[in-house]
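What follows is a single structure, written as structure tokens, with notes after it.
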Amino acid sequence: MPIEVWTAERVVAFLSIAFLLVLWLWWWSRRRRYTVINWPGNRGRSSIFINWPVFGMIPTLICHFSHVHDLATYVLQKSRGTFFFKGPWFSGMEFLLVGDPMNVHYILTKNFSNYHKGPEFKQIFEPLGDGIFNADSNNWSFQRRIFHSLLHKNKKFELAAEVTLKQKILQGLFPLLENVSLVDIQDVFQRFTFDNICQLVLGFDPNSLSIEFPEVPYQKAFDDVEEAVIYRHAVPGSIWKLQKWLQIGKEKKLKKAWKNFDDFLEQRITRKREQLSQSCRDQIEGEGFNLLTYFLTEYNYFVEDAAGSVIQTKSNKFLRDMAFNLMVAGRDTMGAALVWFFWLVGTHPLIEKKILEEIKSNLGEKIDEKWRVFSIEEDGRNMGQRLLRIQTREVDFRRRKNQTRALLQVHSIQCRTQELYR
Numbered sequence: 001m002p003i004e005v006w007t008a009e010r011v012v013a014f015l016s017i018a019f020l021l022v023l024w025l026w027w028w029s030r031r032r033r034y035t036v037i038n039w040p041g042n043r044g045r046s047s048i049f050i051n052w053p054v055f056g057m058i059p060t061l062i063c064h065f066s067h068v069h070d071l072a073t074y075v076l077q078k079s080r081g082t083f084f085f086k087g088p089w090f091s092g093m094e095f096l097l098v099g100d101p102m103n104v105h106y107i108l109t110k111n112f113s114n115y116h117k118g119p120e121f122k123q124i125f126e127p128l129g130d131g132i133f134n135a136d137s138n139n140w141s142f143q144r145r146i147f148h149s150l151l152h153k154n155k156k157f158e159l160a161a162e163v164t165l166k167q168k169i170l171q172g173l174f175p176l177l178e179n180v181s182l183v184d185i186q187d188v189f190q191r192f193t194f195d196n197i198c199q200l201v202l203g204f205d206p207n208s209l210s211i212e213f214p215e216v217p218y219q220k221a222f223d224d225v226e227e228a229v230i231y232r233h234a235v236p237g238s239i240w241k242l243q244k245w246l247q248i249g250k251e252k253k254l255k256k257a258w259k260n261f262d263d264f265l266e267q268r269i270t271r272k273r274e275q276l277s278q279s280c281r282d283q284i285e286g287e288g289f290n291l292l293t294y295f296l297t298e299y300n301y302f303v304e305d306a307a308g309s310v311i312q313t314k315s316n317k318f319l320r321d322m323a324f325n326l327m328v329a330g331r332d333t334m335g336a337a338l339v340w341f342f343w344l345v346g347t348h349p350l351i352e353k354k355i356l357e358e359i360k361s362n363l364g365e366k367i368d369e370k371w372r373v374f375s376i377e378e379d380g381r382n383m384g385q386r387l388l389r390i391q392t393r394e395v396d397f398r399r400r401k402n403q404t405r406a407l408l409q410v411h412s413i414q415c416r417t418q419e420l421y422r
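The opening position of the sequence shown corresponds to residue 1 in the UniProt record's numbering, with each subsequent residue numbered one higher.
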């Protein structure tokens with residue numbers, strides 16, 4: 001019957017196509033380029049980073065996503081510091097991973113002006129505005145010069161950072177650790193760094209780090225914006241742009257969160273202008289110092305530096321973009337570094353024992369004390385302030401700076417953590 005003949009023809013056609021596909025895959029596999037990664041503890045087997053047809057290298061990435069840091073490390077080792085990642089066809093998801101220190105220095109410092117971020121990068125990180133993360137050329141150089149002078153040469157900022165950190169540890173972290181037995185350490189450090197960076201940049205403490213673990217609306221909006229930006233970076237541009245046009249999925253959530261966080265920043269900037277207009281400029285001294293106040297009061301310095309530039313350092317847009325970019329840089333990098341630091345120490349008991357012995361031998365301990373907060377002085381690599389928990393209760397930031405220099409175990413683990421995970 002005609003129907004049976006047609007069905008048989010379809011089966012033959014399907015088998016023919018399948019055979020040709022298998023034959024083509026065999027031929028392609030003989031010519032493909034791949035990187036072999038020998039995983040420790042993998043019982044002698046090898047995992048191959050294959051550039052598959054249509055799907056690119058995404059399958060391998062998904063299979064090893066639970067240890068993506070290890071994957072990136074081994075890939076860069078096997079490829080001598082430079083690896084070209086290919087995503088699915090027509091997705092535009094192609095990345096050049098660079099791990100060689102000389103190449104990184106060449107791209108980011110020596111010849112940075114030759115490596116523009118480009119319009120596609122700015123579209124992905126659109127919520128950051130014209131801040132330093134999205135800036136190029138003269139705009140980037142100008143902002144970098146400002147932030148370098150503020151964060152590395154300003155004694156008032158160093159004092160404010162020290163005081164802010166100490167207060168947040170005493171009033172937020174210690175009470176929480178004394179009253180809560182089980183916590184999500186990532187949530188704790190995200191709240192800790194969010195409060196600190198808000199105080200340093202905006203002169204405002206959200207108090208998100210407390211025993212009640214309150215849900216702060218603008219902190220939630222900040223998290224949602226970051227999540228949406230990461231989503232944009234991880235999927236093909238056509239997908240998130242379609243979602244943005246239709247206002248569905250992550251893009252709908254981003255629009256709402258973006259507005260909420262912008263309203264928060266606008267409120268803080270307006271409030272700060274009102275305070276300064278009422279001659280409340282004593283806030284710039286000592287504990288009241290914050291970057292928003294500094295930008296609004298240092299007229300001569302920034303006007304002179306911005307001469308001939310389109311940047312207006314006292315406009316609400318510049319202050320908003322500056323604050324948003326610094327908050328992204330100050331919260332997530334330090335929060336993630338702290339989480340990974342304690343995870344590494346907690347999963348290596350021998351190292352933890354050595355750290356405790358080193359702390360006791362260099363700082364000493366008193367039987368009737370429970371907590372102590374101390375700082376580790378910067379060593380030229382901008383290690384900044386670090387937090388450690390040991391058995392004593394008094395707080396002293398300056399008296400023990402020389403002693404903390406001898407904490408070689410702590411310092412080495414801090415450096416290793418930043419190299420691997422920051």
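For each residue, glycine too, the CB sits at the ideal point set by N, CA and C. The model shown is predicted, which means the values in this text are computed figures rather than measured ones.
Let's test the definition: count the other Cβ atoms within 10 Å of the Cβ of Val339 and tell me whether it reaches 16, buried, or not, exposed. Walking along the sequence shown from the start, residue 339 turns up at place 339. Under this definition Val339 is a buried residue.
DSSP three-state assignment for Phe204, whether helix, strand or coil: Residue 204 sits at position 204 when you count from the first residue of the sequence shown. Here Phe204 sits in coil by DSSP.
Taking the C-alpha atoms as reference points, what is the distance between Lys360 and Gln414? Your numbering for residue 360 matches position 360 in the sequence shown. Your numbering for residue 414 matches position 414 in the sequence shown. Cα-Cα distance, rounded: 18 angstroms.
Indicate whether at least one CB of chain D lies closer than 8 angstroms to the CB of Pro53. The chain labelled as chain D is not found in the depicted structure, where only one protein chain is given.
Are Gly99 and Gly81 touching if we call contact CB-CB under 8 angstroms? Walking along the sequence shown from the start, residue 99 turns up at place 99. Walking along the sequence shown from the start, residue 81 turns up at place 81. For the pair Gly99 and Gly81, the CB atoms are nearer than the 8 angstroms cut-off.
So, under 8 angstroms CB-CB, Leu173 and Leu200 are touching, yes? Tell me the CB distance rounded to an integer number of Å. Start at 1 with the first residue of the sequence shown, and residue 173 comes out as number 173. Start at 1 with the first residue of the sequence shown, and residue 200 comes out as number 200. At roughly 16 angstroms, the Cβ-Cβ gap does not stay under 8 angstroms, so Leu173 and Leu200 are not in contact.
When you compare each of Phe83, Pro175, Asn260 to Ile211 by their alpha carbons, which one comes out closest? What you label residue 211 is simply residue 211 of the sequence shown in a count that begins at 1. Ranked by how close their Cα comes to the Cα of Ile211, the residues Phe83, Pro175, Asn260 have Pro175 in first place.
When you compare only the Cα positions, how much space is there between Trp258 and Asp195? Along the sequence shown, read from residue 1 onward, the residue named residue 258 stands at position 258. Along the sequence shown, read from residue 1 onward, the residue named residue 195 stands at position 195. Straight across, the Cα-Cα distance linking Trp258 with Asp195 is about 19 angstroms.
Under 8 angstroms by Cβ, that's how I've got Thr193 and Met334 pegged, so tell me the actual separation to the nearest angstrom. The residue you call residue 193 lines up with position 193 of the sequence shown. The residue you call residue 334 lines up with position 334 of the sequence shown. With 8 angstroms as the limit, Thr193 and Met334 qualify as a contact, their Cβ atoms being about 5 angstroms apart.
Quick check: the segment 216-235 against the segment 64-81, are at least 3 beta-carbon pairs closer than 8 angstroms? Because the criterion of three Cβ pairs below 8 angstroms is not met, the segment 64-81 and the segment 216-235 do not touch.
Among all the DSSP beta bridges, which residues are the ones paired with Leu319? Mapped onto the sequence shown, residue 319 falls at position 319. Paired residue(s): none; Leu319 is not in a bridge.
Look at the Cβ atom of Trp320, then the Cβ atom of Ile197, and state whether they are nearer than 8 angstroms. Within the sequence shown, residue 320 is the residue found at index 320, counting from 1. Within the sequence shown, residue 197 is the residue found at index 197, counting from 1. This sequence places Arg at residue 320; Trp is not what is there. Not a contact, by the Cβ cut-off of 8 angstroms.
Measure the alpha-carbon distance for Asn111 versus Lys255 and round it to whole angstroms. For the purposes of this step, residue 111 is identified with residue 111 of the sequence shown, where counting begins at 1. For the purposes of this step, residue 255 is identified with residue 255 of the sequence shown, where counting begins at 1. In this structure, the straight-line span from the alpha carbon of Asn111 to that of Lys255 is close to 36 angstroms.
Within the continuous alpha helix (DSSP H) that includes Thr293, where are the two ends? Your numbering for residue 293 matches position 293 in the sequence shown. 291-297 is the span of the alpha helix (DSSP H), which, as asked, contains Thr293.
Report the residue from Gly237, Lys253, Leu265 whose alpha carbon sits nearest the alpha carbon of Gln123. Reading the sequence shown from its first residue, position 123 is the one you call residue 123. Minimum Cα distance to Gln123 is reached at Gly237.
If the criterion is Cβ atoms closer than 8 angstroms, does the pair Lys317 and Leu296 meet it? Position 317 of the sequence shown holds residue 317. Position 296 of the sequence shown holds residue 296. For the pair Lys317 and Leu296, the CB atoms are not nearer than the 8 angstroms cut-off.
What three-state label does DSSP hand Trp89 in the structure shown? Position 89 of the sequence shown holds residue 89. If DSSP states are grouped into helix, strand and coil, Trp89 belongs with coil.
What separation, rounded to the nearest whole angstrom, lies between the Cα atoms of Lys244 and Glu126? As a position in the sequence shown, residue 244 is number 244, starting the count at 1. As a position in the sequence shown, residue 126 is number 126, starting the count at 1. Those two C-alpha atoms are separated by around 12 angstroms.
Where the beta strand (DSSP E) containing Phe95 begins and where it ends: Your numbering for residue 95 matches position 95 in the sequence shown. Here the beta strand (DSSP E) through Phe95 covers 94-98.
Does DSSP classify Gln418 as helix, strand or coil? Residue mapping note: residue 418 aligns to position 418 of the sequence shown, counting from 1. Gln418: helix per DSSP, three-state reduction.
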